[in-house]
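Student: For reference, the structure I am asking about is given below.
Number of protein chains: 2
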Amino acid sequence: MNTSSSSSDDGLSNSRSSPLTPQLVLLNSEGGGKATPPSKKKAQRMDRGSEEYRLRRERNNLAVKKSRLKSKQKAQDTLQRVNQLKEENERLEAKIKLLTKELSVLKDLFLEHAHNLAESVPSETSAAGQEQATP
Amino acid sequence: MNTSSSSSDDGLSNSRSSPLTPQLVLLNSEGGGKATPPSKKKAQRMDRGSEEYRLRRERNNLAVKKSRLKSKQKAQDTLQRVNQLKEENERLEAKIKLLTKELSVLKDLFLEHAHNLAESVPSETSAAGQEQATP
DNA sequence: AATCATTGCGCAATGC
DNA sequence: CGCATTGCGCAATGAT
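Chains as they are written, first to last, in this note's numbering: chain A, 1 to 135; chain B, 1 to 135.
So, in structure tokens, the structure goes:
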């Protein structure tokens, strides 16, 4: 229930009242020309007020929103898939039940027939042998 | 893992350079007991530095983490369920295939038999042999 | 009124 | 470089 309207926190809070400065990220410490390995300037000069910075932030925020939306979408899809599969499953089970029943009927018919044959024509105890009872 | 560790974002940023000031929320305006309209506005006394505040934040952060973990867990479960259902589906389809084949064979037998009867010449005790169910 | 649970959002680090 | 992901904290809101 949100119209994606901005709200709360925008990284803007500057009330001077906190006695305990929660120590902020120290930036731009610039290696004291000592143990700094042969690395280029990895100095993070993210001048919070820089236009560059602000621009990047905005872009990232956008990307983040997009990504999250996508993620949620996917999750929902997955959920839907579950239902879909469940339905399919039920369908298949019903079919199996039907087929099983049909098979059963046919087999019974076979047996009956065989029996009749035996009764009327005891010529030979043929047929009726491949009954593989499955409990 | 993390317990009360601070990192990034401390809600401290205040560079006024952007053309669009996103208007900040002023809090604690507490009417000086004067022209305050007949509304008992809940003064949000969230003194950023308050111990109360800090405590609440920490608790919430914990709750958030918990909630998110749970959420992820659930998502993963759902994904697993999909695979499970897919497997089940395949199993069922295989079974259907088998049953269908069996049925087909039986029906053919029936037809053949009926045909033979119609011919009134059951001489050819043909067939009836491919009942090779489960090896 | 208080507390925990959810959720949207921005920041920053990290993965392509 | 730039977008995409992801962990994290903040604050509003929902649910008890």
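Note that beta-carbon positions come from the ideal geometry of N, C-alpha and C, so glycine has one too.
1) How about the region 52-68 of chain B and the region 60-71 of chain A: do they share at least three Cβ pairs that are nearer than 8 Å?
2) Is it buried or exposed, R59 (chain B), if we count other Cβ atoms within 10 angstroms and call 16 or more buried?
3) Between the alpha carbons of K72 (chain B) and V82 (chain B), how many angstroms are there, rounded?
4) Under 8 Å between the Cβ atoms of L92 (chain B) and E87 (chain A)?
5) Would the C-beta of Q84 (chain A) count as close to the ligand FMN, meaning under 7 Å from any of its heavy atoms?
6) According to the neighbour-count rule (16 or more other Cβ atoms, all chains shown, within 10 Å of its Cβ), is R48 (chain B) buried or exposed?
7) Using a C-beta cutoff of 8 Å, does K70 (chain B) count as contacting chain A?
8) Which chain A residues sit within Cβ distance under 7 Å of N137 (chain B)?
9) Leaving out five residues before and five after Y53 (chain A) in sequence, what residues of the same chain have Cβ atoms less than 8 Å from its Cβ?
Tutor: This is what the structure gives:
1) Taking 8 Å as the limit for Cβ pairs, the verdict is that the region 60-71 of chain A does not touch the region 52-68 of chain B.
2) By one-based count along the second sequence, residue 59 (chain B) stands at place 59. Label assigned to R59 (chain B): exposed.
3) In the second sequence, residue 72 (chain B) corresponds to position 72, counting from 1. In the second sequence, residue 82 (chain B) corresponds to position 82, counting from 1. Their backbone Cα atoms lie some 15 Å apart in a straight line.
4) Residue 92 (chain B) sits at position 92 when you count from the first residue of the second sequence. Residue 87 (chain A) sits at position 87 when you count from the first residue of the first sequence. At least 8 Å separates the beta-carbon of L92 (chain B) from that of E87 (chain A).
5) This structure lacks the ligand FMN; in fact it carries no ligand of any kind.
6) Within the second sequence, the letter at position 48 stands for residue 48 (chain B). By the neighbour-count rule (16 or more Cβ atoms within 10 Å), R48 (chain B) is buried.
7) Translated into positions along the second sequence, residue 70 (chain B) becomes position 70. Closer than 8 Å: no.
8) An answer regarding residue 137 (chain B) cannot be provided, because it is not within the stretch 1 to 135 covered by chain B.
9) Counting from 1 along the first sequence, the entry for residue 53 (chain A) is found at position 53. Answer for Y53 (chain A): M46 and D47, listed in chain order.
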